[in-house]
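Working notes for the structure below.
In structure tokens form, the structure reads like this:
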């Protein structure tokens, strides 16, 4: 009973930049992100054949509880004025149309106030039975990989046709760390795309050494204070100097696994008796074969 979790913003950004912007509806509305999102979803359904499906959204892309702890969280992505995320002008009007289309197909769409889509997906992964496939272009979700519970990340950084299926072995091979310690590694290394500095002076190699030697931030701090054999003195000094950041890092960097999810039926949508409304929508926005492919992938 595989559950597939779609990181919707990750998909529509990838679709927007991967599909030509000449794709428009009859009235000139841009539809490249919509068509790309639907095409990717169709491919994923055909490959992984999930029994359950949720399109996950940001209720808030900068949750207040993360920003309170670390005011610079994602501040690098803010528009110059206001608190909105910078977004391409021709992508913004496509999102409500896409959400309407998902609604027509009966695909559940879930966002939770003051939580990011990552937190929504992590909470589903934490609370639902596996197998679970988290579809994203974002490394943050590598921390949810769990071989025992069959939770894997369908990682789209190389595109849909060359995507990676991330498990413990992938994390271990890529970062030279135990497969279940990606979150700890990320706390020390940082993530510039989220405006997270990590611990000053500690890069990927230092973070990997720490993740190989310790299982938690507290263990690493205790090891640094005790001049643990596995830590070169210079690295121990950097860990101690980063103590203040390391107090907040677990809450800011780790995905929340306790978002208050709504009660939603996750089962794959059943075919409606009449597809005319979907076909009208398809004609109205010039969505062509993309809609047909999704109908086919759903087995309708």
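Residue numbers (the working numbering): 423 to 722.
Glycine included, every Cβ here is placed at the ideal spot set by N, Cα and C.
On a predicted model such as this, the values are computed, not experimentally measured, just so you know.
Spatial neighbours of residue 457 in its own chain (CB-CB distance under 8 Å, excluding positions within 5 residues in sequence) are listed in chain order as 437, 441, 445, 709, 710, 712. Between residue 476 and residue 529, the gap from beta carbon to beta carbon is short of 9 Å. Secondary structure at residue 424: coil, using DSSP grouped into helix, strand and coil.
Here the C-alpha atom of residue 526 lies approximately 49 Å from the C-alpha atom of residue 636. Here DSSP, grouped into helix, strand and coil, assigns residue 474 to strand. One Cα belongs to residue 435, the other to residue 455, and the distance between them is close to 7 Å.
Per DSSP, the unbroken alpha helix (DSSP H) holding residue 545 starts and ends at 539-549.
Residue burial is scored here from C-beta neighbours: residue 628 has at least 16 other C-beta atoms within 10 angstroms and is therefore classed as buried. For the 9 Å CB-CB criterion, residue 661 and residue 624 form a contact. Considering only 423, 468, 448, the residue with the shortest C-alpha distance to residue 720 is 468. Per DSSP, the unbroken alpha helix (DSSP H) holding residue 668 starts and ends at 665-675. Residues 606 of the same chain have their beta carbon placed closer than 8 Å to that of residue 638, with the five preceding and five following residues left out of the count. In this structure the region 491-499 does not touch the region 553-568; the number of beta carbon pairs closer than 8 Å is below three. The region 664-673 makes no contact with the region 531-544: fewer than 3 CB pairs, one atom from each, lie closer than 8 Å.
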